[in-house]
Amino acid sequence: MSFVTGGWGGTVIGISCVDWRDASDNPTSAFREFKNDRWYKFRIRVTDARIQVWIDGDPVVDLPRKGYKFSVRAECDPCRPLGIASWCTTGAVRNIRIRLLKPEEIKQAAEEH
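Residues in the sequence shown are numbered consecutively from 2, following my numbering.
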(Lines of atoms letter the chains of each structure in order from A and count residues from 1; the text may use other names and numbers.)
(Lines give C-alpha, C1' and ligand atoms only; values in the text may rest on other atoms or scores of the structure.)
Protein backbone atom coordinates (compact mmCIF):
# COMPACT_ATOMS: atom_id res chain seq x y z
CA MET A 1 0.00 0.00 0.00
CA SER A 2 1.00 3.61 -0.32
CA PHE A 3 -0.14 6.76 1.42
CA VAL A 4 -0.98 9.51 -1.07
CA THR A 5 -0.59 13.16 -0.10
CA GLY A 6 -1.64 15.86 -2.51
CA GLY A 7 -2.63 13.54 -5.34
CA TRP A 8 -5.06 14.09 -8.20
CA GLY A 9 -4.58 17.83 -8.55
CA GLY A 10 -2.91 18.52 -5.23
CA THR A 11 -5.50 17.89 -2.52
CA VAL A 12 -6.35 14.16 -2.37
CA ILE A 13 -5.05 12.14 0.56
CA GLY A 14 -5.62 8.48 1.31
CA ILE A 15 -4.31 4.96 0.92
CA SER A 16 -3.73 3.38 -2.49
CA CYS A 17 -4.99 0.84 -3.03
CA VAL A 18 -7.85 -0.44 -0.86
CA ASP A 19 -9.80 -3.25 -2.50
CA TRP A 20 -8.03 -2.30 -5.76
CA ARG A 21 -9.40 1.27 -5.55
CA ASP A 22 -7.13 4.33 -5.64
CA ALA A 23 -6.83 6.88 -2.85
CA SER A 24 -9.21 9.09 -4.79
CA ASP A 25 -12.01 6.52 -4.54
CA ASN A 26 -11.94 4.39 -1.39
CA PRO A 27 -12.91 4.65 2.31
CA THR A 28 -9.70 6.59 3.13
CA SER A 29 -10.25 9.33 0.53
CA ALA A 30 -10.18 12.87 1.85
CA PHE A 31 -9.12 16.31 0.69
CA ARG A 32 -6.50 18.53 2.28
CA GLU A 33 -4.77 21.66 1.05
CA PHE A 34 -0.98 21.65 1.03
CA LYS A 35 1.02 24.86 0.80
CA ASN A 36 4.34 25.22 -1.01
CA ASP A 37 7.51 25.91 0.99
CA ARG A 38 6.07 24.47 4.21
CA TRP A 39 7.05 21.30 6.05
CA TYR A 40 4.37 18.84 7.17
CA LYS A 41 4.74 16.19 9.85
CA PHE A 42 3.38 12.78 8.85
CA ARG A 43 2.91 9.90 11.24
CA ILE A 44 1.94 6.48 9.89
CA ARG A 45 1.17 3.55 12.18
CA VAL A 46 0.53 0.09 10.79
CA THR A 47 -0.45 -2.80 13.05
CA ASP A 48 -2.07 -6.15 12.39
CA ALA A 49 -5.38 -4.53 13.33
CA ARG A 50 -5.38 -1.15 11.55
CA ILE A 51 -3.66 1.53 9.49
CA GLN A 52 -3.60 5.02 10.95
CA VAL A 53 -2.18 8.27 9.57
CA TRP A 54 -1.82 11.74 11.06
CA ILE A 55 -0.78 14.97 9.35
CA ASP A 56 0.52 17.64 11.72
CA GLY A 57 -1.13 15.73 14.58
CA ASP A 58 -4.56 15.58 12.92
CA PRO A 59 -5.92 12.05 12.34
CA VAL A 60 -6.66 11.63 8.62
CA VAL A 61 -6.83 7.83 8.16
CA ASP A 62 -8.02 5.17 10.60
CA LEU A 63 -8.88 1.99 8.75
CA PRO A 64 -9.17 -1.56 10.09
CA ARG A 65 -7.16 -4.04 8.03
CA LYS A 66 -9.65 -6.86 8.45
CA GLY A 67 -11.99 -7.20 5.51
CA TYR A 68 -9.87 -5.18 3.07
CA LYS A 69 -7.32 -6.12 0.42
CA PHE A 70 -4.34 -3.76 0.12
CA SER A 71 -2.19 -3.35 -2.97
CA VAL A 72 0.10 -0.86 -4.70
CA ARG A 73 -0.40 0.88 -8.03
CA ALA A 74 1.99 -0.36 -10.70
CA GLU A 75 3.73 3.05 -10.79
CA CYS A 76 4.81 2.52 -7.18
CA ASP A 77 6.31 -0.95 -7.69
CA PRO A 78 9.88 0.44 -7.93
CA CYS A 79 9.44 1.86 -4.40
CA ARG A 80 8.77 -1.51 -2.79
CA PRO A 81 9.13 -2.55 -0.02
CA LEU A 82 9.49 0.96 1.39
CA GLY A 83 9.96 4.16 -0.51
CA ILE A 84 9.09 7.78 -1.03
CA ALA A 85 8.01 9.06 -4.43
CA SER A 86 6.52 12.12 -6.09
CA TRP A 87 4.48 12.21 -9.28
CA CYS A 88 4.90 15.12 -11.73
CA THR A 89 6.10 17.38 -8.92
CA THR A 90 9.01 17.89 -6.55
CA GLY A 91 9.04 16.84 -2.93
CA ALA A 92 11.50 16.78 -0.07
CA VAL A 93 11.82 14.76 3.11
CA ARG A 94 13.67 15.21 6.38
CA ASN A 95 13.87 13.61 9.82
CA ILE A 96 12.53 10.21 8.82
CA ARG A 97 12.24 7.76 11.70
CA ILE A 98 11.15 4.15 11.46
CA ARG A 99 10.71 2.00 14.53
CA LEU A 100 8.98 -1.09 15.79
CA LEU A 101 5.95 -0.44 17.96
CA LYS A 102 6.12 -1.42 21.61
CA PRO A 103 3.62 -4.10 22.73
CA GLU A 104 1.61 -1.51 24.67
CA GLU A 105 1.36 0.70 21.56
CA ILE A 106 0.05 -2.23 19.52
CA LYS A 107 -2.51 -2.98 22.23
CA GLN A 108 -3.54 0.69 22.41
CA ALA A 109 -4.03 0.88 18.63
CA ALA A 110 -6.22 -2.24 18.69
CA GLU A 111 -8.34 -0.86 21.55
CA GLU A 112 -8.85 2.63 20.11
CA HIS A 113 -11.89 1.45 18.20
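Note that beta-carbon positions come from the ideal geometry of N, C-alpha and C, so glycine has one too.
SER3 and VAL62 do not touch by the CB rule: their CB atoms are close to 12 Å apart, not below 8 Å.
Taking the Cα positions, ILE14 is about 14 Å away from LYS42.
About 6 Å separates the CB atoms of THR29 and VAL19; that is less than 8 Å, so the two are in contact. If you check the CB distance, ARG33 and ILE52 do not come in under 8 Å.
ALA75 sits in a helix when the DSSP states are folded into three classes.
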